[in-house]
Amino acid sequence: MGYSLTTTLEILLSINTSFMKIIAPLVLLFASVLCLYAQPNVALEAFATGLTEPVDIAHAGDERLFVVERPGLIRIVEPDGDVLPAPFLDITADVVDNASERGLLGLAFHPDYADNGYFFVNYTGAAGATHVSRFQVSAGNPNLADPTSEVVLFTVSQPFSNHNGGDLNFGPDGYLYIGLGDGGSFNDPGNNSQTTTTMLGKMLRIDVDNPSGGLDYGIPPDNPFLTPDDGILDEIWATGLRNPWRFSFDRQTGDLWIGDVGQDQYEEVDFQPAGSPGGENYGWKCREGAHDYLTANCDPDAVFVDPVWEYAHTGANGCSITGGYMYRGCQYPELYGYYLCADYCTGRFWGIRDDGAGNWETVDLANLSNFEFVSFGEDFNGELYVAAIGSGQVLRVVETTASMDIEVGATDESCEGAGNGTAAASWMEGINEPVTIEWSTGSTDLFLADLSAGNYGLT
C-alpha cells in the first residue's frame with residue numbers, strides 16, 4: 020500500500036522576482052523541513068501466550084490485564100506479559116461451553132472496583148442460559164477472586180447455542196450495559212430482535228448499585244421504555260441487534276460503538292453518540308446492515324438506525340465483525356481518534372474516524388490472517404490488545420507507519436525578470452513505497468520550475 024499525504028500543507032514559497040533585481044546577484048532560498056505521516060498501518064506484537072481460548076480482555080483500573088478463557092477461567096497478565104499461574108477466578112464447574120459460542124464470554128469491573136471489589140461476568144450456564152453475575156475479589160489477595168461471592172443478577176433462556184452476545188461494559192453514566200444476541204439459529208426464527216417482551220437481540224442497561232422491585236439490580240430512571248403497562252421490558256436500551264458480540268465506549272467522549280455480527284451478506288458497526296436518550300432500533304432482521312432483509316412482519320412505522328460502516332461478505336473482506344475500541348492511547352498518535360475493528364475470518368483490520376465534516380471514513384490498517392481475533396481489549400493507559408482464540412495468545416496492537424521528512428525549497432536564480440522561481444520536494448529519509456503528492460498548481464511532480472511570485476501549497 021503506497022503512501023498518501025492526507026494533510027494539506029500551506030508552504031509559503033514567497034518568490035519575489037522584483038526584489039531579486041535589487042539584490043542581484045544573491046540567490047535566496049526559503050526552505051522548510053516538515054514531518055508528515057502516511058495513512059496509519061498496524062501490526063501485532065506477541066504479549067501473552069499459553070492461554071486457553073481467550074475471548075475477552077479487561078483491566079481493573081491498574082496495570083494488570085484480566086483475560087477471560089472461554090472454558091470458565093479468568094487469568095491475570097502482568098505488565099511484562101507474564102501470566103500468573105493461579106487463575107483469578109475459576110467457575111468451570113458452572114459454565115456450559117459445549118458449543119463454540121457458549122462459555123464464559125465477558126467481564127467488566129465496577130467503576131468503584133478499588134473500593135468495593137465488584138466485577139461482573141456473562142456466561143452460559145445450565146441448559147445454555149445466559150447468566151449475568153456479580154463476584155467480589157477476595158479480602159486478602161488482589162489476584163484472587165472469591166468464587167463463593169456470586170450473585171446472579173438475572174438469567175435469560177437461550178433457544179439455540181449461538182448468538183448469545185456475551186459482552187458487558189460500564190458506561191460513563193455508571194450503568195451496566197449488556198449485549199444479547201437474537202437467540203441463534205438462522206434469520207432470528209422467533210423475531211426476538213424486534214420483539215420488546217424479550218431481552219434477546221437487545222442492548223440492556225441496568226443499575227447495579229440500587230436494587231429495586233425485588234431484583235438484584237435496578238432500572239435507571241431515564242431508560243427509554245418505562246411507560247407503565249406498555250409491555251416493553253424496562254431493561255431495554257436499544258433493539259434490533261443480531262449478535263452484538265463486542266461493544267465499547269469511547270473513554271474520551273462516551274460514545275457507544277457496537278460490532279454487530281451479520282447473517283450472510285453484511286457485517287456492521289453501529290454507533291450511538293454520547294447523550295443519546297436510547298431507544299435506537301438497529302434494524303435486524305428487517306434489515307441486514309443498511310439493506311432491507313426479511314421485511315414481511317416488520318412495523319412499517321419503525322425507524323431504523325443505519326450502521327456507520329458495513330462491509331459485504333465478498334472478496335477478502337471476511338464474515339464476522341469483531342468490534343474494538345476507539346484508540347485514545349498515547350503511544351501511537353497516528354491512530355488517535357480511529358475506532359479499530361477486525362474480522363474474525365480474515366484477520367483484516369480497519370480504522371473508522373470522523374473526517375471533521377460530519378462523515379465517517381474507513382481505512383485499511385492491516386491484513387493479518389490465521390489468528391482468529393475474537394476480541395479487543397483496552398488497558399489502563401488506552402493501549403489496545405487483541406485475543407487470538409485459536410493460538411491462545413494476547414497480542415499488542417502497534418502502529419507501523421513510517422514518517423516522511425519533506426524538504427521544500429524555493430529559489431530564484433535570475434537577476435532580472437519574473438517567472439524563474441523553482442520549488443522542490445524531497446524525502447529526507449528512504450521510503451520504499453510510492454508517495455503521492457500534489458501541488459496547488461495541480462502538478463504531481465517533485466520539482467516545479469518557471470514559477471511566478473506567489474504562494475504554493477503541497478498536499
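If you read the sequence shown in the working numbering, its first letter stands for residue 20, the second for the next number, and so on. For each residue, glycine too, the CB sits at the ideal point set by N, CA and C.
Rounded separation between residue i and residue j - CA only
i    : j    : result
E16  : G461 : Only positions 20 to 478 of the chain appear in the structure, and residue 16 is not among them; the question remains open.
G449 : C349 : Because the pLDDT at G449 is just 43, under 50, the model does not fix this residue reliably, and the point stays unresolved.
S295 : G273 : 10 Å
D165 : T68  : 25 Å
S212 : T314 : 13 Å
V102 : P319 : 53 Å
L92  : E169 : 14 Å
G147 : R89  : 14 Å
S180 : Q284 : 21 Å
N386 : A62  : 9 Å
D207 : L219 : 10 Å
G80  : P130 : 8 Å
G233 : R224 : 17 Å
L187 : E457 : 47 Å
N60  : Y344 : 16 Å
Start and end residues, beta strand (DSSP E) containing residue i
i    : result
D483 : As shown, the chain starts at 20 and ends at 478. That puts residue 483 outside it, with no answer to give.
H150 : 149-156
Q466 : As written in the sequence, residue 466 is Phe, which differs from the Gln given in the question. 466-470 is the extent of the beta strand (DSSP E) around F466.
N188 : 187-189
Q213 : Q213 -> no beta strand (DSSP E), and no H or E assigned at all.
S168 : 164-175
D75  : 73-77
E329 : 328-331
Nearest residue (CA-CA) to residue i, options the options
i    : options                : result
V227 : D201, F189, G147, P263 : F189
S339 : D269, V382, E287, L467 : E287
Y351 : F244, R306, L403       : L403
A293 : C317, S267, V280       : S267
D269 : N386, V417, I371       : I371
V115 : G144, G125, D131       : G144
I76  : P104, D99, A105, A127  : A127
D251 : G337, T216, F205, A376 : Checking the sequence shown, residue 251 turns out to be Ile, not Asp. With distances taken between Cα atoms, I251 lies closest to T216.
G259 : G278, Y236, V151       : G278
G409 : S394, N336, Y344       : S394
H182 : V405, T333, F173, R265 : R265
Y142 : N135, G136, V151       : V151
D469 : A361, P191, A442       : A442
Residue i, DSSP secondary structure in three states
i    : result
N300 : strand
S267 : strand
I450 : With a pLDDT of 46 at I450, under the threshold of 50, the modelled position of this residue cannot be trusted; read the value that follows with caution. Coil, per DSSP.
S394 : strand
Q284 : coil
E307 : strand
E82  : coil
L384 : strand
L45  : The pLDDT assigned to L45 is 28, lower than 50, so where the model puts this residue is not dependable; a value taken from the coordinates is nonetheless given after this. L45 falls in the coil class under three-state DSSP.
E254 : coil
E64  : strand
L354 : helix
A442 : strand
A146 : helix
L313 : coil
Bridge partner(s) assigned by DSSP for residue i
i    : result
C360 : W369
Q291 : L275
G193 : DSSP lists no partner for G193.
F138 : F128, F154
V96  : L84, V102
E418 : V61
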